[in-house]
Amino acid sequence: EPEVTQTPSHQVTQMGQEVILRCVPISNHLYFYWYRQILGQKVEFLVSFYNNEISEKSEIFDDQFSVERPDGSNFTLKIRSTKLEDSAMYFCASSLDSGQYEQYFGPGTRLTVT
Amino acid sequence: KNQVEQSPQSLIILEGKNCTLQCNYTVSPFSNLRWYKQDTGRGPVSLTIMTFSENTKSNGRYTATLDADTKQSSLHITASQLSDSASYICVVSGGLRSTLTFGKGTMLLVSP
Numbered sequence: 037e038p039e040v041t042q043t044p045s046h047q048v049t050q051m052g053q054e055v056i057l058r059c060v061p062i063s064n065h066l067y068f069y070w071y072r073q074i075l076g077q078k079v080e081f082l083v084s085f086y087n088n089e090i091s092e093k094s095e096i097f098d099d100q101f102s103v104e105r106p107d108g109s110n111f112t113l114k115i116r117s118t119k120l121e122d123s124a125m126y127f128c129a130s131s132l133d134s135g136q137y138e139q140y141f142g143p144g145t146r147l148t149v150t
Numbered sequence: 002k003n004q005v006e007q008s009p010q011s012l013i014i015l016e017g018k019n020c021t022l023q024c025n026y027t028v029s030p031f032s033n034l035r036w037y038k039q040d041t042g043r044g045p046v047s048l049t050i051m052t053f054s055e056n057t058k059s060n061g062r063y064t065a066t067l068d069a070d071t072k073q074s075s076l077h078i079t080a081s082q083l084s085d086s087a088s089y090i091c092v093v094s095g096g097l098r099s100t101l102t103f104g105k106g107t108m109l110l111v112s113p
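Order-wise, the sequence lines are chains A and B.
Just add 36 to the spot in the first sequence (first one is 1) and you have my numbering.
Just add 1 to the spot in the second sequence (first one is 1) and you have my numbering.
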């Protein structure tokens with residue numbers, strides 16, 4: 037069964053450094069998403085991406101964040117200058133379409149900023 | 002502000018027993034409501050998706066209900082198994098941008 041994959045599974049970085057989190061969505065899906073979950077808190081929407089551009093973003097997704105689909109398979113989230121409060125689990129998801137279509141989540145990348 | 006509230010926060014039940022988890026939401030306009038299961042350290046996995054017109058939907062031992070008038074939903078798990086131990090998250094799609102609003106989840110522990 038096709039699944040969303042994410043790399044790395046765990047990333048440790050120093051405050052102020054740039055990190056890139058990578059995701060490979062399910063191949064025939066058209067919509068891609070990033071979410072984050074701070075330890076012990078609920079999952080929060082960051083951004084959705086369709087047709088090579090951002091379709092929606094939350095207040096969390098400020099100028100420090102960017103997303104890109106550099107080729108036909110990868111979908112990346114870049115954090116330019118990490119802060120301690122960026123430490124969280126970051127989930128990528130993809131769906132065939134928007135609306136009531138199911139979103140399939142990857143296993144997540146645990147980002148630790150020291 | 003769009004919000005999703007879940008109760009209880011946590012629940013312990015014996016293997017084989019049934020349980021019901023609750024969800025109240027204030028997301029408007031409403032598009033659909035989803036229940037996800039999230040194992041510790043893993044991504045959420047979809048259990049059910051219900052639109053405005055659906056009152057109930059089942060997926061194996063999981064049965065979700067939706068009352069769009071009172072903005073309440075429940076997830077009923079029958080004949081619980083040890084593998085059901087996880088966080089169960091109520092997620093509502095809607096609002097001005099049709100994005101997903103997550104609840105904090107109910108942590109279920111099924112004990113032998």
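Glycine included, C-beta positions come from ideal geometry on N, C-alpha and C.
Nearest-angstrom Cα separation, counted from residue j out to residue i
{"i": "residue 73/B", "j": "residue 92/B", "result": "12 Å"}
{"i": "residue 46/B", "j": "residue 48/A", "result": "26 Å"}
{"i": "residue 96/A", "j": "residue 127/A", "result": "15 Å"}
{"i": "residue 93/A", "j": "residue 81/A", "result": "8 Å"}
{"i": "residue 71/B", "j": "residue 53/B", "result": "12 Å"}
{"i": "residue 81/B", "j": "residue 95/B", "result": "31 Å"}
{"i": "residue 117/A", "j": "residue 90/A", "result": "21 Å"}
Span of the beta strand (DSSP E), counted from its first residue to its last, around residue i
{"i": "residue 49/A", "result": "46 to 49"}
{"i": "residue 73/B", "result": "73 to 78"}
{"i": "residue 58/A", "result": "55 to 60"}
{"i": "residue 117/A", "result": "Segment: none, residue 117/A is in no beta strand (DSSP E) and carries neither H nor E."}
{"i": "residue 43/A", "result": "41 to 43"}
{"i": "residue 146/A", "result": "145 to 149"}
Best match in the options for proximity to residue i [C-alpha to C-alpha]
{"i": "residue 3/B", "options": "112/B, 110/B, 103/B", "result": "103/B"}
{"i": "residue 57/A", "options": "50/A, 51/A, 85/A, 46/A", "result": "46/A"}
{"i": "residue 112/B", "options": "20/B, 10/B, 68/B", "result": "20/B"}
{"i": "residue 86/B", "options": "50/B, 5/B, 16/B, 33/B", "result": "16/B"}
{"i": "residue 33/B", "options": "49/B, 77/B, 62/B, 11/B", "result": "49/B"}
{"i": "residue 35/A", "options": "44/A, 63/A, 73/A", "result": "No statement about residue 35/A is possible, as the shown extent of chain A runs from 37 to 150 and does not include it."}
{"i": "residue 51/B", "options": "110/B, 13/B, 31/B", "result": "31/B"}
Cβ neighbours of residue i in the same chain (closer than 6 Å, five flanking residues each side left out)
{"i": "residue 132/A", "result": "65"}
{"i": "residue 114/A", "result": "56, 102"}
{"i": "residue 88/B", "result": "39, 106, 108"}
{"i": "residue 77/B", "result": "21, 64"}
Three-state secondary structure (DSSP) of residue i
{"i": "residue 84/A", "result": "strand"}
{"i": "residue 89/A", "result": "strand"}
{"i": "residue 22/B", "result": "strand"}
{"i": "residue 138/A", "result": "coil"}
{"i": "residue 86/B", "result": "coil"}
7 Å CB neighbourhood of residue i in its chain, flanking five on each side removed
{"i": "residue 120/A", "result": "51, 149"}
{"i": "residue 25/B", "result": "6, 72, 73"}
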